[in-house]
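Quick note, the sequence shown lines up with residues 1366 to 1472 if you use this note's numbering.
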Amino acid sequence: MAPMLAALLLAATPALPSDITDRSDPEGRAVNCAAYLGHEINAVPRAARPPLIAAMRAWRADLERRRTKDEADQYFASTFAVLRDTPPRTRRAAAAYCRAHAPGRRR
1366 MAPMLAALLL AATPALPSDI TDRSDPEGRA VNCAAYLGHE INAVPRAARP PLIAAMRAWR
1426 ADLERRRTKD EADQYFASTF AVLRDTPPRT RRAAAAYCRA HAPGRRR
């Protein structure tokens, strides 16, 4: 039964979007993580927001080290709009991954 249980658990877990796991594009990873976190911040109760906000700020700071603030703002705004209709399960999984892998986070 163990293989069947593993298959069920795997099917229940949404795949992480490659745009947040691909380390070959650090700008894309930073902006996508910031956007997923921004959408998750809007979806959770106020009490759950502080760690998400901290992670989003870390990803934004990482992006702003690579681009000017204006360029980063425009890149974030367009990415945020594109990701607006992401299914909730995928958004939650992406936000959890991005929070856990935020720049400067001690592991």
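Quick reminder that beta carbons are idealized off the backbone N, C-alpha and C, glycines included.
So, with DSSP's three-state summary, where would you put residue i?
i       : result
PRO1379 : coil
VAL1447 : helix
THR1321 : Missing from the structure shown is residue 1321; the chain here goes from 1366 to 1472 and no further.
ARG1388 : coil
ALA1460 : helix
Keeping to the same chain, check which residues put their C-beta closer than 8 Å to that of residue i; ignore five residues upstream and five downstream.
i       : result
ARG1472 : Bear in mind that the predicted position of ARG1472 carries a pLDDT of just 47, short of 50, making it unreliable; the figure below should be weighed with that in mind. Within the same chain, ARG1472 has no close Cβ partners at all.
PRO1452 : PRO1379
HIS1404 : PHE1445, LEU1448, ARG1449, THR1451, ARG1456, ALA1460
Which same chain residues end up closer than 6 Å to residue i when comparing Cβ atoms and leaving out the 5 residues on each side of it in sequence?
i       : result
THR1455 : PRO1379
Rounded to whole angstroms, how far is the Cβ of residue i from the Cβ of residue j, which I believe are closer than 8 Å?
i       : j       : result
ASP1427 : ALA1395 : 5 Å
ALA1467 : ALA1423 : 4 Å
Name the two residues that bound the continuous alpha helix (DSSP H) containing residue i.
i       : result
ASP1427 : 1414-1431
PRO1410 : Segment: none, PRO1410 is in no alpha helix (DSSP H) and carries neither H nor E.
Which residues in the same chain as residue i place their Cβ atom closer than 7 Å to its Cβ, once the five residues preceding and following it in sequence are excluded?
i       : result
TYR1462 : LEU1381, ILE1385
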